[in-house]
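One structure is given below, encoded as structure tokens.
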Amino acid sequence: MKWLYLAAGVVVFGAGYAFADALRTAEIERLKGDYAKAAQEYQAKLTKREADNAKKLADAVDKKQAEIDALGSQLAGMRDDVERLRRAASSGGGGVPPGAGSACISCERQIRECVRLLAEGAELLSEGSGLVGRLSADRNTVREALKP
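Structure, rendered in structure tokens:
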């Protein structure tokens, strides 16, 4: 009889162990499913946030490009004006008439200063044009990087 109780105890212990193992396995599978679902939701949220940020960046880049284009057109207009004034100054038509006397010495100085400022302005316009070109190239690079 002693062996019968021992066998029954082993059977009850084994059944309890198998039942507990089945419960643990089911709980682990449930947790895995919950973690997978949470990971998918988080990934979807990150993907949406990334798309929103990419759209905001693209909009900002477009706005800056519009400003760059406006500056480029202003530079082109200014460059034409500077060239026109430079040609007028180099043709000698803007000088002081001969025989005007010493009263026009200050006028001559002012004209020389204007010519110097025009030359400096032309250099700055060239430099600005280069900056606009580089900004436009940078914008195109960012645009290409953001393409889906």
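Counted from 1, the sequence shown has number 132 at position 132 by the numbering used here; the numbering is strictly sequential. Ideal Cβ placement from N, Cα and C applies to all residues, glycine included.
query	result
Rounded C-alpha distance that separates Lys32 from Ala18	21 Å
Range of the contiguous alpha helix (DSSP H) that encloses Cys104	Element bounds for Cys104: n/a, residue is neither H nor E.
Val11 classed as buried or exposed, judged by whether at least 16 other C-beta atoms fall within 10 angstroms	exposed
Sub-8 Å separation of Val142 and Gly72 beta-carbons	no
Segment contact flag, the region 121-137 with the region 65-83, C-beta cutoff 8 Å, min 3 pairs	yes
Contacts around Gln82, its chain only, beta-carbon distance under 8 Å, and the 5 residues preceding and following it disregarded	With the sequence shown as reference, residue 82 is identified as Val, and Gln is not the correct amino acid for it. Leu118, Gly121, Ala122 and Leu125, listed in sequence order.
Under 8 Å between C-beta atoms of Arg139 and Gln65	yes
Inter-residue Cα distance where the pair is Val96 and Glu108	Note that Val96 scores a pLDDT of 49, beneath 50, so its modelled location is shaky; the value from the coordinates is reported in the next line. Those two C-alpha atoms are separated by around 7 Å.
Three-way DSSP call (helix, strand, coil) for Lys45 in this model	helix
Alpha-carbon to alpha-carbon, Ala22 and Asp59	55 Å
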